[in-house]
Amino acid sequence: MTEFLSAAGLKDQASLVDLLARLGFKPAKKSGKEYMYKSMLRDDDDTPSLSVDDKIGAWYDHGTGIGGNIIDFGLKYWPSLSFKNVVAKINELLSSAAVPVEQHRERRKRADVKVPHFVVAEIKPLGTHPAITNYLKGRGVFEAARNLMSEIYYYAQGIDNPKTYFAAGWQNENGSWEVRNRYFKRCIGLKGITFIDGNSKKLAVFEGAMDYLTWRIDNSDDDHSILILNSLSLINAGLAKAKQFPHIDIFFDRDGPGLKSTKELIAEIPYAVDRSEAYRGFKDYNAMLVGFIRQADAIEAAELNSKVEIESAQKSGISR
Numbered sequence: 070m071t072e073f074l075s076a077a078g079l080k081d082q083a084s085l086v087d088l089l090a091r092l093g094f095k096p097a098k099k100s101g102k103e104y105m106y107k108s109m110l111r112d113d114d115d116t117p118s119l120s121v122d123d124k125i126g127a128w129y130d131h132g133t134g135i136g137g138n139i140i141d142f143g144l145k146y147w148p149s150l151s152f153k154n155v156v157a158k159i160n161e162l163l164s165s166a167a168v169p170v171e172q173h174r175e176r177r178k179r180a181d182v183k184v185p186h187f188v189v190a191e192i193k194p195l196g197t198h199p200a201i202t203n204y205l206k207g208r209g210v211f212e213a214a215r216n217l218m219s220e221i222y223y224y225a226q227g228i229d230n231p232k233t234y235f236a237a238g239w240q241n242e243n244g245s246w247e248v249r250n251r252y253f254k255r256c257i258g259l260k261g262i263t264f265i266d267g268n269s270k271k272l273a274v275f276e277g278a279m280d281y282l283t284w285r286i287d288n289s290d291d292d293h294s295i296l297i298l299n300s301l302s303l304i305n306a307g308l309a310k311a312k313q314f315p316h317i318d319i320f321f322d323r324d325g326p327g328l329k330s331t332k333e334l335i336a337e338i339p340y341a342v343d344r345s346e347a348y349r350g351f352k353d354y355n356a357m358l359v360g361f362i363r364q365a366d367a368i369e370a371a372e373l374n375s376k377v378e379i380e381s382a383q384k385s386g387i388s389r
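With this note's numbering, letter number 4 in the sequence shown gets 73, and the count goes up by one each step, no holes.
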């Protein structure tokens, strides 16, 4: 692109996939017309949850429930820039040397972007769909999840022949569903924190539900009240709730964003305690559990192979 495009021109003609490539972001995967990225708009996205449909020039962050066109993306990516400067910045980047990306079809004027609106079609108890069961068993939390999660079946409204999606889900304080499966995570409805009422004096705070469930396995009789942020972007909402408790334990990830958020929470509530030492050497609480499961599976497989080899050798000796 060499000519300077107005905001309307960028919406109609510019490629968000091209822009992301110039910013150094590559899609984690591509499914049909949809490109999936780890969200560059949040620090806590370890699963591809930002989708881009380059044909219609739309993006949607399933972790926050926010989306739009290429200008909307620019305003989120460069929050300190004005609308005018965002338009100039996008033009500048798209006018730079080309970055190899998939060949795009000739652009036609696009209709206004409609952010996907997902609708829950059916809710079932865990254990109904084998893919959901296997996903939770792989994370080591299937039994623990029975008291928190359900199987959520949903679809995108306003689309001809909509595909039905399925995932494990739990509700947030807004009554919306936070859903996860092996391939993506999103919120159906309004993003929010999840609070589980318990002891009015003690609170345990987690980034996500998988870490909470892992903790619950280790602390089955503990009566802490529970706060699951569902996204570090909701730290301020979490702070407002946490300040109601005189005793607070923090179980955030041991990566950059998690450690930063732990410091921020303790700065606001000095008596809060970082408990991430419990899973030192791992990114988060659930990663430790998954690591132990894989280690046990590897040992079991090695023992089985050894047994087979011994039996084979014994049979070979007898046949002689």
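The beta-carbon is built from N, C-alpha and C at its ideal position, and this holds for glycine as well.
Item                                                                                                           : Value
Three-pair Cβ contact test at 8 Å for the stretch 343-355 versus the stretch 372-379                           : no
Reference Ser108; option with closest CA among Arg255, Phe235 and Ile338                                       : Arg255
Beta strand (DSSP E) runs wholly inside the stretch 219-259, at least 3 long, in chain order                   : 219-226, 233-240, 246-249 and 254-257
Inter-residue Cα distance where the pair is Pro96 and Asn160                                                   : 21 Å
Given 8 Å, three or more beta-carbon pairs between the stretch 249-268 and the stretch 290-297                 : yes
Residue burial classification, His186 (beta-carbon count within 10 angstroms, cutoff 16)                       : exposed
Cα-Cα separation between Ser330 and Gly277, rounded to whole angstroms                                         : 13 Å
Own chain partners of Phe73 with C-beta closer than 6 Å, once the 5 adjacent residues on each side are dropped : Asn160
Contact check, Ala76 vs Val156, beta carbons under 8 Å                                                         : yes
Residue from Leu150, Ser149 and Val121 whose Cα sits closest to the Cα of Gly137                               : Val121
Top-ranked residue by Cα proximity to Leu334, from Ala309, Tyr348 and Met357                                   : Ala309
Whole-Å CB distance - Ser118 paired with His131, under 8 Å assumed                                             : 4 Å
First through last residue of the beta strand (DSSP E) which encompasses Met105                                : Glu103 to Tyr106
Distance, Gly360 Cα to Thr283 Cα                                                                               : 12 Å
Tyr354 in three-state terms, based on DSSP                                                                     : helix
Same chain only: Cβ atoms within 8 Å of Leu303, ignoring 5 sequence neighbours per side                        : Lys260, Gly261 and Ile262
Short Cβ contact (8 Å threshold) for Glu220 with Phe235                                                        : yes
For Asp266, three-class secondary structure by DSSP                                                            : coil
Span separating the alpha-carbon of Leu328 from that of Lys80                                                  : 37 Å
Contact set for Glu372: own chain, Cβ-Cβ below 8 Å, skip 5 residues either direction                           : none
His198 versus Gly207: straight-line alpha-carbon distance, rounded                                             : 14 Å
Distance CB(Ala225)-CB(Val274) smaller than 8 Å                                                                : no
CB contact flag (Ser84, Asp112, <8 Å)                                                                          : no
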